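S.K.: Can you read through this structure? Questions will come right after.
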Amino acid sequence: MTKEIEIIGAGPAGLVAAINLAKADYKVAVYEEKPDVGHRFHGDFQGLENWSSEEDAAVLLERLGIQINYTCQPYSELTVFDANFNKRIIRSQRPLFYLVQRGHAPGCLDYGLMEQAIEAGVEIVFNRRVDKLEKGGIIGIGPRAADAIAKGIVFNTNMEDIAAAILDDRLAPKG
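Remember, our numbering sits 292 above the position in the sequence shown when you count from 1.
Okay, structure coming up:
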């Protein structure tokens, strides 16, 4: 008898679950209401934080069976400006975060996970909204509202790539 499981949502959580279940010989179907993975992202950059756990985020992903087949740039230095533009540099021996790109293009986290899922034999059904799994399964849908909003600016320069943040209650009241 073949073990089967259904998953709602083709975001990182749903796809990582699907990849691992397929590797464990489950027949996996993932339902995604959007026409592609990473639909709400358009090449946006996002940081996978790496400071709140003893285990490095990249090592954790590999331990979870995820290949790094997408942009995953480590940053061990962060330049922080306060409300008065006083500059502080935070450095760490290990990466503070990994910069990943989100979206449905090659090099993006979402696209890379989709490729790994398909390679593992996962069936991904796009443009299909599923609200209930009659036989149980995994609900891996994304957030309904933003926990935080950040503005990323990408532009050409002769400078080396840096990560910078401005911390100012006037720019982000209550947050």
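Backbone N, C-alpha and C fix where the C-beta goes; we use that ideal spot for every residue, glycine too.
Here the structure is a predicted model, which means the values were calculated and not measured.
Alpha carbons only, please: which of LYS379, VAL322, GLN359 is nearest the one belonging to VAL422?
M.R.: Translated into the one-based positions of the sequence shown, residue 422 becomes position 130. Among LYS379, VAL322, GLN359, the Cα nearest to that of VAL422 is on VAL322.
S.K.: If you follow the beta strand (DSSP E) that GLN365 is in, where does it begin and where does it stop?
M.R.: Within the sequence shown, residue 365 is the residue found at index 73, counting from 1. 364-367 is the span of the beta strand (DSSP E), which, as asked, contains GLN365.
S.K.: Closer than 6 Å by C-beta to ASP460: which residues in its own chain qualify, once you throw out the five before and the five after it? Chain order, please.
M.R.: Stepping through the sequence shown from its first residue, residue 460 is reached at position 168. For ASP460, where only same-chain residues beyond five positions count, the Cβ hits under 6 Å are ALA375.
S.K.: For GLY428 and GLU415, what's the separation of their Cα atoms in angstroms?
M.R.: Position 136 of the sequence shown, counted from the first residue, corresponds to residue 428. Position 123 of the sequence shown, counted from the first residue, corresponds to residue 415. The straight-line gap from Cα to Cα measures roughly 17 Å.
S.K.: For LYS379, which residues does DSSP report across the bridge?
M.R.: As a first step, residue 379 is located in the sequence shown; it is residue number 87 there, counting from the start. Answer is PHE373.
S.K.: Could you check where the beta strand (DSSP E) with LEU470 kicks off and where it finishes?
M.R.: The first residue shown for the chain is 293 and the last is 467, placing residue 470 beyond what the model contains.
S.K.: DSSP three-state call for LEU391: helix, strand or coil?
M.R.: Walking along the sequence shown from the start, residue 391 turns up at place 99. Of the three classes helix, strand and coil, the one that applies to LEU391 here is strand, per DSSP.
S.K.: Per DSSP, what kind of secondary structure is VAL488 in: helix, strand or coil?
M.R.: Past the edges of the chain, shown from 293 to 467, lies residue 488, and the structure says nothing about it.
S.K.: Would you check if the distance between the CB atom of VAL392 and the CB atom of TYR362 is smaller than 8 Å?
M.R.: Working through the sequence shown from its first residue, we reach residue 392 at position 100. Working through the sequence shown from its first residue, we reach residue 362 at position 70. Yes.
S.K.: For the beta strand (DSSP E) that contains VAL320, what are its first and last residues?
M.R.: One-based indexing of the sequence shown puts residue 320 at position 28. Element bounds for VAL320: 318-324.
S.K.: Can you tell me whether ALA456 is helix, strand or coil according to DSSP?
M.R.: If you number the sequence shown from 1, residue 456 lands on position 164. It is a strand residue.
S.K.: Near GLU452, which residues of its chain fall below 6 Å by C-beta distance, leaving aside the five closest residues on each side in sequence?
M.R.: As a working note, residue 452 is residue 160 in the sequence shown. Answer for GLU452: no residue qualifies.
S.K.: Taking the alpha-carbon positions, what's the ILE311 to ALA409 distance?
M.R.: Mapped onto the sequence shown, residue 311 falls at position 19. Mapped onto the sequence shown, residue 409 falls at position 117. Answer to the nearest angstrom: the Cα atoms are 5 Å apart.
S.K.: I need the DSSP call for ILE311, collapsed to helix, strand or coil.
M.R.: As a working note, residue 311 is residue 19 in the sequence shown. DSSP places ILE311 in helix when its eight states are reduced to three.
S.K.: Quick one: using the 10 Å Cβ neighbour count with 16 as the cut-off for buried, is ASN419 buried or exposed?
M.R.: Counted from its first residue, the sequence shown places residue 419 at position 127. Exposed.
S.K.: Could you have a look at GLU296 and say whether DSSP puts it in helix, strand or coil?
M.R.: Mapped onto the sequence shown, residue 296 falls at position 4. It is a strand residue.
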